[in-house]
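Chemist:
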Amino acid sequence: MSSAIVVSQDAESLGLQIYSRKEKSLGVLVSNFLRLYNRDDVDLIGLDDAAGQLGVERRRIYDVVNILESIGIVARRGKNQYSWKGFGEIPRSLDELKEEGMRERLGYSSSNNSDKVSNGCEREEPLTLTPDDQENSSSSKMDQKKEKSLWLLAQNFVKMFLCSDDDLITLDSAAKALLSDSPDSVHMRTKVRRLYDIANVFASMNLIEKTHIPVTRKPAYRWLGSKSIAERGLSLFNSGEPKRVFGTEITNLRAKRNKTYCSSIRKQIGYKKHDEENTEQESKPAASKYVFGPFSPIGASKTNNDKVGKGRLLEIEALASTYQPQYCNQEITGLLGHFTEAWKKWYAEVDRNK
DNA sequence: CCCTCCCGCCAATGC
DNA sequence: GCATTGGCGGGAGGG
1 MSSAIVVSQD AESLGLQIYS RKEKSLGVLV SNFLRLYNRD DVDLIGLDDA
51 AGQLGVERRR IYDVVNILES IGIVARRGKN QYSWKGFGEI PRSLDELKEE
101 GMRERLGYSS SNNSDKVSNG CEREEPLTLT PDDQENSSSS KMDQKKEKSL
151 WLLAQNFVKM FLCSDDDLIT LDSAAKALLS DSPDSVHMRT KVRRLYDIAN
201 VFASMNLIEK THIPVTRKPA YRWLGSKSIA ERGLSLFNSG EPKRVFGTEI
251 TNLRAKRNKT YCSSIRKQIG YKKHDEENTE QESKPAASKY VFGPFSPIGA
301 SKTNNDKVGK GRLLEIEALA STYQPQYCNQ EITGLLGHFT EAWKKWYAEV
351 DRNK
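Reminder that position 289 of the first sequence reads as 289 in my numbering, one-by-one numbering, no gaps.
(1) Spatial neighbours of Asp133 within its chain, please: CB distance less than 8 Å, with the 5 preceding and 5 following residues excluded, ordered by chain position.
(2) Note down, in chain order, each residue of its chain lying with its Cβ closer than 7 Å to the Cβ of Gly46, except the 5 sequence neighbours on either side.
(3) Looking at Ala220 and Thr211, is the spacing between their C-beta atoms short of 7 Å?
(4) Report buried or exposed for Thr190, applying the criterion of at least 16 other Cβ atoms within 10 angstroms of its Cβ.
(5) Under a Cβ-count criterion, where at least 16 other Cβ atoms within 10 Å of its own Cβ denotes burial, should Gly225 be classed as buried or exposed?
(6) Restricting to Cα atoms, I'd like to know which of Ser83, Arg92 and Leu178 is closest to Met160.
(7) Cβ of Val64 within 6 Å of any heavy atom in the ligand NAD?
(8) Along the chain, where does the alpha helix (DSSP H) that runs through Tyr19 open and close?
(9) Measuring only the C-alpha atoms, how far is Ala75 from Ser83?
(10) When the Cα atoms are used, what is the spatial distance from Lys145 to Val42?
(11) In whole angstroms, give me the CA-to-CA distance for Gly86 and Gly72.
(12) Output needed for Gln17: all residues of its chain with C-beta closer than 6 Å, excluding positions within five of it in sequence on either side, in chain order.
(13) Could you spell out the range, first to last residue, of the beta strand (DSSP E) harbouring Arg222?
(14) DSSP three-state call for Ala175: helix, strand or coil?
(15) So the alpha helix (DSSP H) Glu209 belongs to, where does it begin and stop?
(16) Going along the chain, which residues of its own chain have a beta-carbon closer than 8 Å to the beta-carbon of Ala203, five neighbours each way excluded?
(17) Could you give the residue range of the beta strand (DSSP E) that holds Gly46?
(18) Measure the CB-CB distance between Ala154 and Ser70 and report whether it falls below 7 Å.
(19) Per DSSP, which one or two residues make a beta bridge with Trp84?
(20) For Leu168, which beta-bridge partners are listed by DSSP?
(21) Measure the C-alpha to C-alpha separation of Asp167 and Trp223 and round it to an integer number of angstroms.
Here's what the structure looks like:
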């Protein structure tokens, strides 16, 4: 009778709604999004559908897909429509980004171009490209808008990790580096605001991890393509846990932020802060349960037809083996291995539980 | 108090 | 014209 869950349920049954900022975070949204669409039978993603399924405003879906697209997990297919590419695309994307980033860093071979931070178009140009010869690449001002897009910002953010030699990056430093213009003032703040969103998303996928700079306690992020630490994830399946399981409610129909109401109410009700939360260093010494994000492959949730899940797994494994030899890229292969490992472990666990 | 960042207004852009 | 996209920053939540 003291668990946060119980309390919140009571509150709900009383007709009261609880607002929790955390449950509304982009990170959680993305987790749900991925859990929802990481299936074998998923190909197209409708924006309206997504918004409905996840119980959020349309606007938020744009944030999600824009960021995910920067890593190649989804791709724009058309109006109101994205297609699911899957985690298998990540290595490729990262590889490209790295190469691109390196080139920009010390590649003065080509003629053109300011030293603005990239703009190397990646995004599928609308098929109606002008019969413009030359490898070229734009130039005009048309893409000054694009320069501020979340999509590009996200790409440049990961480029920083992939190319830079220091593995701890502060949002401020990132913002500064990715600003290229107007060194100070409001632009910084805005940029940082955006970076918070991006960082949260990547963090929720365990692509990066939030830490602190050694001596200064300034928060910073570290890239962990592969060596992601084990923790949680399987907890999704351990039934009857007092823990607040991570996305038990795909449909996020929680109260709105509503000015001035809820916070006080919540306190009166006796809302206790989530116990659990950061299981940071759960003492799980040797148990190397790799987890890619707080979500798990859905195909297997209804085990018995391991066709579904296996298909995905094999697909990844195949990719891993074909991909490894050609590119000797630590980051990438590590990442893939990590994925494969995660899936294997997960399926094993499910089978046992069954 | 400062840091984090959700929310949704409304401007571009597309059709 | 309306519909889609998505910058942008006010100001609420959380430490």
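Where a beta carbon is used, it is the ideal one built from N, C-alpha and C, also for glycine.
Modeler: Here's the rundown:
(1) Its pLDDT being 33, under 50, Asp133 is placed unreliably by the model, and the measurement read from it follows with that caveat. Result list for Asp133: empty, nothing under 8 Å.
(2) Asn80 and Gln81
(3) In this structure, the beta-carbon distance from Thr211 to Ala220 falls below 7 Å.
(4) exposed
(5) By the 10 Å Cβ count, Gly225 comes out buried.
(6) Leu178
(7) You won't find the ligand NAD in this model; it holds no ligand whatsoever.
(8) Run containing Tyr19: none; DSSP gives neither H nor E here.
(9) 5 Å
(10) 32 Å
(11) 8 Å
(12) Ala255
(13) Pro219 to Trp223
(14) helix
(15) No alpha helix (DSSP H) holds Glu209; the beta strand (DSSP E) holding it covers Ile208 to His212.
(16) Gly27, Glu209, Lys210 and Tyr221
(17) Leu44 to Gly46
(18) Yes, the Cβ-Cβ distance between Ala154 and Ser70 is below 7 Å.
(19) Val74
(20) DSSP output for Leu168 lists Arg222 as bridge partner(s).
(21) Using only the alpha carbons, I get a separation of about 6 Å.
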